[in-house]
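Participant: Dropping the structure in here first, questions after.
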Amino acid sequence: MNKEFDLSVSSYGKVRNLEYDLVVLPWGATEPHNLHLPYLTDCILSHDVAVDAAVRAWERHGVRCMVMPAVAMGSQNPGQRELSFCVHTRYETQKAILTDMVASLYAQGMRRMVIVNGHGGNCFKNMIRDLSVDYPDFLIAVSEWFAVLPAKEYFDAPGDHADELETSVMMHYHPELVNLDEAGEGSYKPFAAKSLCEKVAWIPRNWQKVTEDTGIGNPKLATAEKGCRFATAVADKYADLFAELVQGAIYS
57 MNKEFDLSVS SYGKVRNLEY DLVVLPWGAT EPHNLHLPYL TDCILSHDVA VDAAVRAWER
117 HGVRCMVMPA VAMGSQNPGQ RELSFCVHTR YETQKAILTD MVASLYAQGM RRMVIVNGHG
177 GNCFKNMIRD LSVDYPDFLI AVSEWFAVLP AKEYFDAPGD HADELETSVM MHYHPELVNL
237 DEAGEGSYKP FAAKSLCEKV AWIPRNWQKV TEDTGIGNPK LATAEKGCRF ATAVADKYAD
297 LFAELVQGAI YS
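Structure follows, in structure tokens:
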């Protein structure tokens, strides 16, 4: 446990006399992840990578960060909300949550936040633009942890949901939560429309028409070693980011 950097296990007695430079907010979703990963995979992984990064930021740069508990309210595609216990959270709800968190932290004197997003369906850019009007001296950056580094340099056949990447990193952090024997193949169908495949335009994928096991990408090649290598490299990048946002100039 890292009580100095992880609010989910910390206490007021631990933090009340410490000065924090930056808040890290992991944000995930509540949704199925193939047949073998937890519903809260996006929360767990974004949180654990963030804690690793916070430890590195302190050890390497002297920057003290607090990682907040992960938010489990994610935005879902059509065909997902109908799946058992999958929760779709509206943009307005997500914005209200983020706004209340920023207001609370601002009143406490915090002025920097990094959102570590673990769910591809979430989109924070317009929320951050609006909050920059209300809190012009509160810096909010957003990042998708799984896209910080090219997945193809670390994995054999990465997909984009409950795939080799997510499964490997979960095996690194929480091997007790992964049984690859339970996993589906993660096969999926692309759009029939060529223009949509070429990303001329975007529409949300209907999940039940795309995949049978909710996965997109085969998890069978996942290993804890691959997950460790990727998670460590991502945490290193985040540690540098945290230090730059605290110690360096934003503009030249």
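Whatever position you read off the sequence shown (first residue = 1), add 56 for my numbering.
Heads up, the beta-carbon is just placed ideally off N, CA and C, and yes, glycines get one too.
(1) At the level of alpha carbons, what is the spacing between M183 and A248?
(2) Residues in the same chain with beta-carbon distance under 6 Å from G240, minus the five sequence neighbours each way, listed in chain order, please.
(3) To which residues does DSSP link I272 through a beta bridge?
(4) Evaluate the contact criterion for the region 158 to 168 versus the region 58 to 69: three or more CB pairs, one atom per stretch, below 8 Å.
(5) Applying the criterion that 16 or more other CB atoms from any shown protein chain within 10 Å of the CB defines a buried residue, is L74 buried or exposed?
(6) Using the DSSP secondary-structure output, state which residues sit across from W83 in a beta bridge.
(7) Contact between the region 78 to 88 and the region 101 to 119: three or more CB pairs below 8 Å?
(8) Buried or exposed for L236, going by 16 or more other Cβ atoms inside 10 Å?
(9) According to DSSP, is M226 part of a helix, a strand, or is it coil?
(10) Examine the Cβ distances between the region 273 to 290 and the region 211 to 230 and report whether three or more of them are shorter than 8 Å.
(11) Based on the DSSP secondary-structure assignment, which residues constitute the bridge partners of M122?
(12) Looking only at its chain, what residues have a beta carbon closer than 8 Å to the beta carbon of N279, apart from the 5 residues adjacent to it on each side?
(13) Whose CA, out of L233, S64, L297, E220, lies closest to the CA of F211?
(14) Identify every residue that forms a DSSP beta bridge with S199.
(15) Pick from V266, L233, Y76: whose alpha carbon is nearest that of P134?
(16) Once you ignore the five residues that flank Y294 on each side, which residues in its own chain have a CB closer than 6 Å to its CB?
Facilitator: Answer, in terms of the structure:
(1) 33 Å
(2) N90, L91, D269, G271
(3) H217
(4) no
(5) Only exposed fits L74, as fewer than 16 other CB atoms lie within 10 angstroms of its CB.
(6) V127, N173
(7) yes
(8) exposed
(9) The three-state secondary structure of M226, taken from DSSP, is helix.
(10) yes
(11) V79
(12) First, the amino acid is wrong: residue 279 is Thr here, not Asn. The beta carbon of T279 sits closer than 8 Å to those of S224, M227, all from its chain and outside the five residues before and after it, given in chain order.
(13) E220
(14) V172
(15) V266
(16) Taken in chain order, the residues that qualify are A109.
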